[in-house]
Amino acid sequence: MRFFWANIAAIALLASPASFSSGVGDAPATYSLDGKTFYGKIRARGLLGLFAKKSVLRFEGQLFSWSSGEDFRPAAYETREENGKIIFTAHAVGNEGAYAKDYVDWRGEYDGESLSNVTAVWTRAQGGGDWLHDLLLPQTVTFSFKPAKP
């Protein structure tokens with residue numbers, strides 16, 4: 172009878188959800204962006220990207236902001252886990268004035284240590300800014316953020 176109960180206990184242990192984990196790589200990403208600050212440079216893609224500008228990306232209190240984005244309000248950001256990384260997105264809306272109808276959509280990846288593949292797409296409201304920007308810039312401008320090396 173003892174053998175019977177020992178086998179039942181072994182089967183119950185093997186059938187538990189924890190026993191199906193293969194170990195490394197199965198655990199969801201448990202790191203958070205909140206409270207993190209990243210230094211680097213932001214540059215427009217294409218011909219507009221002749222120069223990079225120093226920028227700081229901040230994730231604080233579930234809000235995302237960037238130092239070269241003073242004309243945009245801090246935005247709530249969302250995260251999801253994908254392939255062991257945290258993917259973040261944010262939709263920042265322009266402040267009052269020339270940028271009031273503009274917005275910037277951000278997306279990037281965080282591996283627990285650094286950011287990668289960070290892009291920002293600035294969608295401009297035609298006729299909302301000054302005439303020079305309206306003349307020279309397309310309706311959408313895509314930027315890339317490159318973190319500084321530690």
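Residues 172 to 321 in this note's numbering are what the sequence shown lists, from first letter to last. Where is the CB? At the ideal position from N, CA and C, for every residue including glycine.
N-terminal and C-terminal residue of the alpha helix (DSSP H) that Leu-306 is part of: 302-307
Test item: CB-CB of Phe-235 and Leu-286 under 9 Å: no
Spatially closest choice to Gly-206 from Tyr-248, Asn-266, Phe-230 and Arg-214, by CA coordinates: Phe-230
C-alpha gap between Leu-166 and Arg-214, whole angstroms: Any question about residue 166 goes unanswered here, given that the chain covers just 172 to 321.
Minimum C-alpha distance to Glu-284 - residue among Lys-224, Glu-241 and Pro-321: Pro-321
Cα-Cα separation, Ser-239 to Thr-313: 14 Å
Residue nearest to Leu-204 in terms of C-alpha spacing, selected from Phe-243, Ala-247, Leu-218 and Lys-212: Ala-247
Other residues of its chain near Pro-318: CB distance less than 6 Å, five sequence neighbours each side excluded: Phe-209, Gly-211, Ser-285 and Leu-286
Proximity winner among Thr-294, Val-289 and Leu-303, relative to Phe-316 (alpha-carbon distances): Val-289
Beta-carbon proximity list for Val-250, same chain, < 7 Å, skipping 5 on both sides: Reading off the sequence, residue 250 comes out as Thr, not Val. So the list reads Leu-204, Ile-257, Ile-258 and Phe-259, once near-sequence residues are dropped.
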